[in-house]
């Protein structure tokens, strides 16, 4: 689960980069929204990775 | 060839920057003291020796390979061309610091700054792995950071790479701004700390079966608090030198940068002091030290950009975040981070980078900062975790259970830091 979360995170990064390439500088709102979406995807991946870590810790408590 | 938009440095600026960079290692010394103080007494010598070894390893590896990949402004680099835009992604300078002596004064100072920056970045995960990370693992992590990860990020941010060119290529303010290493040193180091503690796991007895996390306080509040004062000197030097090198700030702008650094740290300390006083009835020394450091880390991103009033606000927010996030990471997320590096360096650095975007006068600066943050979180964290996971197969991060029980000093060095002290039995090992 931790690996799955970490694999999702680069997708968010590429979404942010795509926003810069796809939208012209004049379309600031769309650009900003796409970059924020990219960050949201990264946050989602981080949450999944953290949940994976918590599950592991739950099993390994000593 | 990477474009070099920097104006030629005057002799006075060169001399001042050099003097500042000779003071900057005090930030490393301060952090080493804080890391050691926050660990246990039976691991103190190993912790401090580890810091020293990591500085040495990063210097050698960065000289041999890292400096080549980092590149310099006006030096050689590989560029990707996508959709009519150029993305400088790696430097291709000479190996083993070839041509260093004959390079321009500014390039030499930039390289010296990077040598110190990579050492500082690499000791951050060492603090988080206190009391269970082996010396060999700390050195392997340092080598990886200095040889590959830090140089790539440095090239993107400081040496004319694609993040620094966001302003030119995509009209995003002045491009990604990180004048004193909030991203390249602190967020990178903090994320490396997260990856390292995920792989190494918590200290034995930290999270007992069916109970709350065990409190394992640092062994020396004196080291921790004195380390904070020592770090202030180094941080002032780092921030002012960074403003000169990467922002090309005029000499008249430097006192404000220094004052902003102090104000950010002071605001953070006051806020952490108040929060811990309210939550626990008394201020907590180690959390206040962490708050101070978080304020300094946040100032690394924005001291050269914002006004003094903004610096106080940035510091106060950093100081409020610190004790709350330390508690969440330990109690809710079960992450054992003795030095609080994930909060101090990763979260503090990210907040500083956002604040630089919010308070910077240029339009589009916030988006540039967000793209930089997306790169750190979305690219650097998974890459760091993958690399550390692979290295852990060859050089196991975690010490054997017996070593953890004896203490890292006896196990790895054969002698303790305080041979005349009586070491008390640890209740967590019953």
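Chains as they are written, first to last, in this note's numbering: chain A, 6 to 67; chain B, 70 to 499.
Built from N, CA and C at the ideal position, the CB exists for glycine as well.
All of these numbers come straight from a predicted model, not from anything done at the bench.
**Request:** At 3 residues or longer, and completely inside the region 394 to 438 of chain B: list those beta strand (DSSP E) runs for me, N to C.
**Result:** none
**Request:** Select from 313(B), 481(B), 300(B) the residue whose C-alpha is nearest the C-alpha of residue 176(B).
**Result:** 313(B)
**Asked** What distance in whole Å lies between the Cβ atoms of residue 174(B) and residue 228(B), which are believed to be in contact at a cut-off of 8 Å?
**Response** Not a contact, Cβ separation roughly 16 Å.
**Asked** With a Cβ-Cβ cutoff of 8 Å, do residue 413(B) and residue 461(B) count as a contact?
**Response** no
**Message:** Taking CB distances under 8 Å as the criterion, tell me whether residue 26(A) reaches chain B.
**Reply:** yes
**Prompt:** Are three or more beta carbon pairs between the region 361 to 368 of chain B and the region 386 to 400 of chain B nearer than 8 Å?
**Reply:** yes
**Message:** With a threshold of 6 Å on Cβ separation, who are the neighbours of residue 12(A) within its own chain once the five nearest residues in sequence on each side are excluded?
**Reply:** none
**Asked** Looking only at its own chain, which residues have a Cβ that is under 6 Å from the Cβ of residue 225(B), when we skip the five neighbours before and after it?
**Response** 231, 232
**Of the listed residues 409(B), 481(B), 330(B), 489(B), nearest to residue 206(B) (C-alpha basis)** = 481(B)
**Message:** I need the DSSP call for residue 159(B), collapsed to helix, strand or coil.
**Reply:** strand
**Asked** Which chain B residues sit within Cβ distance under 7 Å of residue 14(A)?
**Response** 446, 447, 450, 451
**Prompt:** Apart from the five residues just before and just after residue 404(B), which ones in its own chain have a Cβ nearer than 8 Å to its Cβ?
**Reply:** 263, 266, 267, 271, 398, 411
**Terminal residues of the beta strand (DSSP E) in which residue 505(B) lies** = Only positions 70 to 499 of chain B appear in this structure, which leaves residue 505(B) out of reach.
**Prompt:** Since residue 202(B) sits in a beta bridge, which residues does DSSP pair it with?
**Reply:** 467(B)
**Contact list for residue 6(A) against chain B, beta-carbon separation under 7 Å** = Chain B residues near residue 6(A): none, gap ~12 Å exceeds 7 Å.
**Request:** Give the residues from the region 261 to 277 of chain B that approach chain A closer than 8 Å (Cβ to any Cβ), ordered along the chain.
**Result:** 267, 270, 271, 273, 274, 276, 277
**Item:** Whole alpha helix (DSSP H) elements within the region 245 to 283 of chain B, 4-residue minimum
**Value:** 257 to 269
**Message:** If distances are taken between C-alpha atoms only, which option among 8(A), 29(A), 9(A), 61(A) comes closest to residue 240(B)?
**Reply:** 29(A)
**Message:** If we define contact as Cβ-Cβ less than 8 Å, is residue 333(B) a contact residue for chain A?
**Reply:** no
**Asked** At a Cβ threshold of 8 Å, is residue 30(A) touching chain B?
**Response** yes
**Prompt:** Would you call residue 320(B) buried or exposed, if buried means 16 or more other Cβ atoms sit within 10 Å of its Cβ?
**Reply:** exposed
**Prompt:** Does the region 325 to 337 of chain B come close enough to the region 250 to 263 of chain B to have 3 or more Cβ pairs within less than 8 Å?
**Reply:** no
**Asked** How long is the line joining the alpha carbons of residue 202(B) and residue 210(B), rounded to whole angstroms?
**Response** 11 Å
**Request:** Name the two residues that bound the continuous alpha helix (DSSP H) containing residue 32(A).
**Result:** Per DSSP, residue 32(A) belongs to no alpha helix (DSSP H) and is neither H nor E.
**Request:** Determine the extent of the alpha helix (DSSP H) in which residue 7(A) is found, giving its start and end residues.
**Result:** 7 to 27
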